[in-house]
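Novice:
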Amino acid sequence: MARIKGGMNARKKHNRVLRLAKGYRGARSKQYRIAKQAVMRALASSYVGRKERKRQFRRLWIARINAAARMHGLSYSKFMYGLKLAEVEVNRKMLAEMAVNDAEGFATLAELAKSKIA
Numbered sequence: 077m078a079r080i081k082g083g084m085n086a087r088k089k090h091n092r093v094l095r096l097a098k099g100y101r102g103a104r105s106k107q108y109r110i111a112k113q114a115v116m117r118a119l120a121s122s123y124v125g126r127k128e129r130k131r132q133f134r135r136l137w138i139a140r141i142n143a144a145a146r147m148h149g150l151s152y153s154k155f156m157y158g159l160k161l162a163e164v165e166v167n168r169k170m171l172a173e174m175a176v177n178d179a180e181g182f183a184t185l186a187e188l189a190k191s192k193i194a
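Written out as structure tokens, the structure is:
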């Protein structure tokens, strides 16, 4: 029985990696071994980046809420505590959106939080 060489499968595997490395600079897009390392690192970084993005958005929302709350004489933590006592369940994303685009609505929430704390 004749031996089947693995050249076709190896070529397919190499081309798959090189296709992922398209657009990389220098040997990273031309040589398989170097391209494989670059692609593995890029895929790992993109996975981490997707998790990091969620953290960064939460930080942004909190900063916006804090700035708007301080305009109404409250710190972020006191504002959130007041909302919790008032049993207002609005997530940080929507609160940040209100702080930027709906100043009157945010002001009513701030007054509600103030009244519940006092």
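Sequence positions in the sequence shown follow our numbering and run 77 to 194.
Ideal Cβ placement from N, Cα and C applies to all residues, glycine included.
These numbers were taken from a predicted model, which means no experiment stands behind them.
(1) Taking Cβ to Cβ, would you say Ile64 is nearer than 7 Å to Tyr152?
(2) Would Ala97 be called buried (16 or more neighbouring beta carbons within 10 Å of its own) or exposed?
(3) I need the straight-line Cα distance from Ala144 to Leu119, nearest angstrom please.
(4) Round the Cβ separation of Ile193 and Lys154 to the nearest angstrom and send it over; I've been treating them as touching at under 8 Å.
(5) How many Å lie between Ala183 and Ala172 at the Cα?
Specialist: So, from the data block:
(1) No answer is possible for residue 64: it lies beyond the span of the chain, which begins at 77 and ends at 194.
(2) buried
(3) 38 Å
(4) 6 Å
(5) 12 Å
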